[in-house]
Each structure stands twice: as C-alpha cells, then as structure tokens.
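In my numbering, the protein residues as written are 391 to 628.
Step one of this worksheet: look at the structure below.
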C-alpha cells in the first residue's frame, strides 16, 4: 500500500511523516492520533511537522491522496499487464468460470496489508462525517472502480450485449465483496496471507453467483486470460 521512502531533504521529511501517519492512523484512528505521536514515530520534531503540514487533517487528506495515487498506479500497471496477456494467441472461449477467475485474480492482486485495510476503514468512517474527506474518498473509489471495470473488460473481452450484469456494476459488486471480506479477515485476526485467501474466496463466490452462465455470441471467441502471477500476499511478480 505504501511506497518506500526515497529522496532527501523536504521530500524525504514529508514521506517519513506520511508513512508514520499511515501507521498511527491505522493503529489508533484519526481522532486519537496526535501530532506528537506521529512526530515520534517519524523521529521528527513538531517543528518539522508544522513546516510541512498546517494541521493533522491536512496530513490525513494528503495521505488519502498518496494512497489513492498508489492504488491507481497499481491498477494502471494491472491494466497494462492484462492487455499484454489478452493479446496472446490461442486463448479459449470465455465462460462464467474463467471470468470468475479473472475477477478473483484482480481482487487478490489488489489485496492490502492489514494496516492498509484498517486505514481505509478509517477513511470511510471519516468520509461519513467530513465533506472534504468524503470528496477525496469518492474520487478514489470512482477511479478504482473504473480501473477494475477496464481490467475485467480487457481480460475477458466481453461484448456488452452478452453481459447479464453491466461491467461497472460487476466491478462494484466485486469491490464491495473485497472490502467486506478484507474487513472481516482483519477482525478475525488473520495475517496477510489469510486476508488474501478470504478476499479470494469471497470475490470468487460473488462472481460465480453473479455470472452463472455468460453466453458467447455465435462465431465469437473471447479471451480467457491467465492472470499475472502473485505471491501468497497478493503481490504481483514484476
């Protein structure tokens, strides 16, 4: 979820503060997190904090923007790799089973760490109370849904007239299943591998129940694309 810290000077200072905030907000929540706690985690003084951010809320909004950018970058990379895989010759026809596998693979690739899941839950809670956070969250969600829908479309090569559920709606259902499964896995105390398994099982079930039978028009073959490989934590191979 969070990119490694690189660079020096002001850029590195902001990055360390953002990473510290990422951990602290997930651990204790936005309301209980203090500037002092974040500074202590980043090993900086309050002066370093206030030379980069005016308030804790400003830091929180920038963190959402950072997380959003990281998620979109990952989604764009997935789209590129799915496009490359979809262009491979000799692929079999798309079926509900293979399409469910596509959606399941997307969910596993997007699975966050335990800290990431908790932070996004904190963002959603804050979004229900604060209009500025709500707008940032809406932008993140809409962009992510659009990327998931594009990956499904590219990977399965699905013509709209054959779909029993519109692709954007299918993407939304998959994301909601992912969020619910990830949240429940964290509450159950599962590790990252357990979170990935829970997400995989839930999203695949929802996809299969939703798709059930996805007819192919006569004479047309759709791409059933093998997903880029990932490890047990859902991280994709380069």
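Beta carbons: idealized from backbone N, C-alpha and C, even for Gly.
Reduced DSSP category for residue i - H, G, I as helix; E, B as strand; rest coil
{"i": "residue 575", "result": "helix"}
{"i": "residue 584", "result": "helix"}
{"i": "residue 556", "result": "coil"}
{"i": "residue 441", "result": "coil"}
{"i": "residue 467", "result": "helix"}
{"i": "residue 455", "result": "helix"}
{"i": "residue 591", "result": "helix"}
{"i": "residue 421", "result": "coil"}
{"i": "residue 520", "result": "coil"}
Enclosing alpha helix (DSSP H) for residue i [first to last residue]
{"i": "residue 425", "result": "425 to 432"}
{"i": "residue 505", "result": "504 to 517"}
{"i": "residue 408", "result": "400 to 418"}
Buried or exposed by the 16-neighbour rule on C-beta atoms within 10 Å, applied to residue i
{"i": "residue 577", "result": "exposed"}
{"i": "residue 404", "result": "buried"}
{"i": "residue 440", "result": "exposed"}
{"i": "residue 571", "result": "buried"}
{"i": "residue 453", "result": "buried"}
{"i": "residue 420", "result": "buried"}
{"i": "residue 456", "result": "buried"}
{"i": "residue 399", "result": "exposed"}
{"i": "residue 530", "result": "buried"}
{"i": "residue 446", "result": "buried"}
{"i": "residue 470", "result": "exposed"}
{"i": "residue 468", "result": "buried"}
{"i": "residue 516", "result": "buried"}
{"i": "residue 436", "result": "exposed"}
{"i": "residue 444", "result": "exposed"}
{"i": "residue 599", "result": "exposed"}
{"i": "residue 594", "result": "buried"}
{"i": "residue 586", "result": "buried"}
{"i": "residue 423", "result": "buried"}
{"i": "residue 582", "result": "buried"}
Selected residue, minimal CA-CA separation from residue i, among the options
{"i": "residue 434", "options": "462, 559, 409 and 536", "result": "409"}
{"i": "residue 461", "options": "569, 537 and 558", "result": "537"}
{"i": "residue 416", "options": "505, 561 and 526", "result": "505"}
{"i": "residue 402", "options": "414, 442, 418 and 421", "result": "442"}
{"i": "residue 528", "options": "428, 451 and 425", "result": "451"}
{"i": "residue 580", "options": "503, 565, 599 and 526", "result": "503"}
{"i": "residue 463", "options": "533, 406, 518 and 509", "result": "533"}
{"i": "residue 418", "options": "513, 569 and 558", "result": "513"}
{"i": "residue 412", "options": "445, 563, 592 and 508", "result": "508"}
{"i": "residue 522", "options": "425, 429, 431 and 449", "result": "449"}
{"i": "residue 557", "options": "544, 510, 588 and 525", "result": "544"}
{"i": "residue 535", "options": "520, 568, 516 and 517", "result": "568"}
{"i": "residue 540", "options": "525, 519 and 562", "result": "562"}
{"i": "residue 574", "options": "560, 559 and 591", "result": "591"}
{"i": "residue 438", "options": "520, 407, 595 and 560", "result": "407"}
{"i": "residue 511", "options": "432, 566, 586 and 593", "result": "566"}
{"i": "residue 596", "options": "585, 426, 588 and 564", "result": "564"}
{"i": "residue 525", "options": "560, 458, 582 and 428", "result": "458"}
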